[in-house]
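Residue numbers (numbering that gives the first Met the number 0), protein chains in the order written: chain A, 0 to 357; chain B, 0 to 70. The block underneath contains the structure these notes are about, expressed in structure tokens.
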Amino acid sequence: MGMINANLLKMFNNLMNLAKEKGQTINLMEVCGTHTMALFEHGIRSLLPENINLVSGPGCPVCVTGEEVIVEAMDLIENNTVTMFTFGDMMKVPGEGRTLNELKAQGFPIKVAYSPRVALEFAEKNPKIEVVFFGAGFETTAPALGAVILEAFNKKLNNFSVILSVKTVPPAIHFLFSQEIRINGFILPGHVSAVIGAKSFRFITEKYQVPAVVTGFTAEELLLGISLVVNSILKREPGYYNAYPTVVREHGNIVAQKIISEVFEIGDAYWRGIGNIPSSGLFLKEKFAKFDAKKKFGLKDRQPIIPRGCKCGEIMLGKVLPPACPLFGKACTPEKPVGACMVSSEGSCAAYFKYGRR
Amino acid sequence: MCLAVVGKVEKIEGELAIVDLGGVLQPVSLVMVPQVQVGDFVLIHTGYAVEIISEEAYNETMELLKELRWE
Ligand code: SF4
Numbered sequence: 000m001g002m003i004n005a006n007l008l009k010m011f012n013n014l015m016n017l018a019k020e021k022g023q024t025i026n027l028m029e030v031c032g033t034h035t036m037a038l039f040e041h042g043i044r045s046l047l048p049e050n051i052n053l054v055s056g057p058g059c060p061v062c063v064t065g066e067e068v069i070v071e072a073m074d075l076i077e078n079n080t081v082t083m084f085t086f087g088d089m090m091k092v093p094g095e096g097r098t099l100n101e102l103k104a105q106g107f108p109i110k111v112a113y114s115p116r117v118a119l120e121f122a123e124k125n126p127k128i129e130v131v132f133f134g135a136g137f138e139t140t141a142p143a144l145g146a147v148i149l150e151a152f153n154k155k156l157n158n159f160s161v162i163l164s165v166k167t168v169p170p171a172i173h174f175l176f177s178q179e180i181r182i183n184g185f186i187l188p189g190h191v192s193a194v195i196g197a198k199s200f201r202f203i204t205e206k207y208q209v210p211a212v213v214t215g216f217t218a219e220e221l222l223l224g225i226s227l228v229v230n231s232i233l234k235r236e237p238g239y240y241n242a243y244p245t246v247v248r249e250h251g252n253i254v255a256q257k258i259i260s261e262v263f264e265i266g267d268a269y270w271r272g273i274g275n276i277p278s279s280g281l282f283l284k285e286k287f288a289k290f291d292a293k294k295k296f297g298l299k300d301r302q303p304i305i306p307r308g309c310k311c312g313e314i315m316l317g318k319v320l321p322p323a324c325p326l327f328g329k330a331c332t333p334e335k336p337v338g339a340c341m342v343s344s345e346g347s348c349a350a351y352f353k354y355g356r357r
Numbered sequence: 000m001c002l003a004v005v006g007k008v009e010k011i012e013g014e015l016a017i018v019d020l021g022g023v024l025q026p027v028s029l030v031m032v033p034q035v036q037v038g039d040f041v042l043i044h045t046g047y048a049v050e051i052i053s054e055e056a057y058n059e060t061m062e063l064l065k066e067l068r069w070e
């Protein structure tokens, strides 16, 4: 490993020098929030010349979940006798000025779970308690969510239901291309690709002639990914690469894809700050309607809520960087977030706040 | 959120595996990787193994490096 490292780093630095000499502005979008964090953590941003910019895309599922969904979940827990399980990141997201954390502090039964399976097991063991799992996710999480629904269905559980905000990444990238974006290369989400396959993003290069790379999250994987894309841009030969072959196969995980298509159907979805993106959401099929907490408890549909002054939408489309938001670091901090980009540890505002500009 | 961890499969009991996450043992569902065997390394996301890590594919990474030689 050591040797590759030195070799790779040398090639990376050579490429960066070359890019600097050529002087053209290169905007790279990392779509995945985990990449955003990893790029800061490994100090990779500071290795880039001035003319190469890293822009964070719509790659944090909590960030793109509408505030109204959070409010729905709070409505549910306040007005019904249920025990709610959710991922840790959801606890801090404000919905009309309140959070699930605050409700928990008031004594409502809300539990953090690293896996939806924990909620399912709790429901099985406690048949008298109504259990609701509230979760957001992309294709990485969708099969796990689908698997618990299937298990609940097969075990005929009557005390388990879900509020889900599940979205898919490729339609969001198509949407980006319908906007005025100036992205010269894409760093694609490794774990989403592990599920849906490297093939699912080939359209970026084939249809739009923009270089793209699927890569992992170590410093080495990120350096390789960035090098391949920058090399491709400098050579003006749009290439498509899988720099994470140890995990990502061309066709992805077929079993996981089957679970997704068995449980979910595709529909239009509302992305916070961005708006409606056609065919970008996964919704429970009619067969599994009894596990839909919204139907089960008769929750009303809410209109999208957009926090005043929050620029998350423009940030996630790569139009502006977080410090351009007038609320950034002032009215909006990780302690007291206004928008979701500041709430989730993987949101671009939170990452910029934690690590500074570079 | 899409952060995943890597663990080594220590034991398989039906659809569940006991996976070693750097010293911490955790139950992980194997529904998505039914072909997994004890000793395999798996990528785990929200309590589910999503993929088996392939060591052979490492060579493909090495091939990619060749693309970067600039003439
Ligand atoms: S700093 Fe806060 S208010 Fe501004 S865009 Fe980011 S999350 Fe929204």
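Each residue gets a CB set at the ideal place from its N, CA and C atoms; glycine is no exception.
When every heavy atom of the ligand SF4 is checked, does at least one fall within less than 7 angstroms of the C-beta of residue i?
i, result
"V337/A", "yes"
"P321/A", "yes"
"L175/A", "no"
"I305/A", "no"
"F40/B", "no"
"M341/A", "yes"
"F39/A", "no"
"K318/A", "no"
"L17/A", "no"
"K310/A", "yes"
"I314/A", "yes"
"L368/A", "Lying before the first or after the last residue shown, residue 368/A is absent from chain A, which here runs from 0 to 357."
"F185/A", "no"
"C324/A", "yes"
"F290/A", "no"
"F133/A", "no"
"C348/A", "yes"
"C331/A", "yes"
"F327/A", "yes"
Can you say whether residue i is buried or exposed, counting buried as having 16 or more other CB atoms within 10 angstroms of its CB?
i, result
"F174/A", "buried"
"L20/B", "exposed"
"I259/A", "buried"
"E55/B", "exposed"
"M31/B", "buried"
"R307/A", "exposed"
"V37/B", "exposed"
"V81/A", "buried"
"P57/A", "buried"
"N78/A", "exposed"
"Y351/A", "buried"
"M61/B", "exposed"
"F176/A", "exposed"
"Q256/A", "buried"
"T217/A", "exposed"
"Y57/B", "exposed"
"P325/A", "exposed"
"G1/A", "Unreliable placement is indicated for G1/A, whose pLDDT of 48 sits below 50; the coordinate value is still reported in the next sentence. So G1/A counts as exposed."
"P33/B", "exposed"
"E95/A", "exposed"
"V41/B", "buried"
Just grab the DSSP bridge partners of residue i for me.
i, result
"M315/A", "Paired residue(s): none; M315/A is not in a bridge."
"F132/A", "F84/A, V161/A"
"E29/A", "S55/A, I186/A"
"Q25/B", "V18/B"
"Y240/A", "V212/A"
"A71/B", "Residue 71/B is absent from the structure shown; chain B starts at 0 and stops at 70."
"G94/A", "R97/A"
"I109/A", "M83/A"
"V8/B", "V18/B"
"K166/A", "G280/A"
Report whether the distance from the Cβ of residue i to the nearest heavy atom of the ligand HEM is below 7 angstroms.
i, result
"C59/A", "Among the ligands present in this structure, namely the ligand SF4, the ligand HEM is not found."
Is the stretch 264 to 278 of chain A in contact with the stretch 218 to 226 of chain A, if contact means three or more CB pairs nearer than 8 angstroms? Flag = no, the stretch 264 to 278 of chain A and the stretch 218 to 226 of chain A do not touch.
At a cut of 8 angstroms, does the stretch 37 to 50 of chain A reach the stretch 198 to 213 of chain A through at least three beta carbon pairs? Contact between the stretch 37 to 50 of chain A and the stretch 198 to 213 of chain A is absent, because fewer than three Cβ pairs lie under 8 angstroms.
Does the count of Cβ pairs from the stretch 186 to 201 of chain A and the stretch 235 to 246 of chain A closer than 8 angstroms reach three? Touching, yes.
Contact between the stretch 53 to 71 of chain A and the stretch 10 to 30 of chain B is defined here as three or more beta-carbon pairs at a separation below 8 angstroms; is this criterion met? Output reads no: the stretch 10 to 30 of chain B does not touch the stretch 53 to 71 of chain A.
4 or more residues per run - each alpha helix (DSSP H) lying fully within the stretch 281 to 345 of chain A: Within the stretch 281 to 345 of chain A, the runs of alpha helix (DSSP H) at least 4 residues long that lie entirely inside it are, in chain order, 292 to 295, 311 to 315, 339 to 342.
Just to confirm the assignment: which complete beta strand (DSSP E) runs, minimum length 3, are found wholly within the stretch 229 to 280 of chain A? Runs of the beta strand (DSSP E) inside the stretch 229 to 280 of chain A: 239 to 241, 263 to 270.
Give a yes or no on contact between the stretch 17 to 29 of chain A and the stretch 183 to 195 of chain A, applying the rule of three or more CB pairs nearer than 8 angstroms. Counting Cβ pairs under 8 angstroms, three or more are found: they touch.
Are the stretch 122 to 132 of chain A and the stretch 6 to 19 of chain B touching, with three or more C-beta to C-beta distances below 8 angstroms? As far as the Cβ criterion goes, the stretch 122 to 132 of chain A does not touch the stretch 6 to 19 of chain B, which means the pair count is below three.
Cβ contact (3+ pairs, closer than 8 angstroms) linking the stretch 146 to 162 of chain A and the stretch 277 to 297 of chain A: The answer is yes - the stretch 277 to 297 of chain A touches the stretch 146 to 162 of chain A, with three or more Cβ pairs under 8 angstroms.
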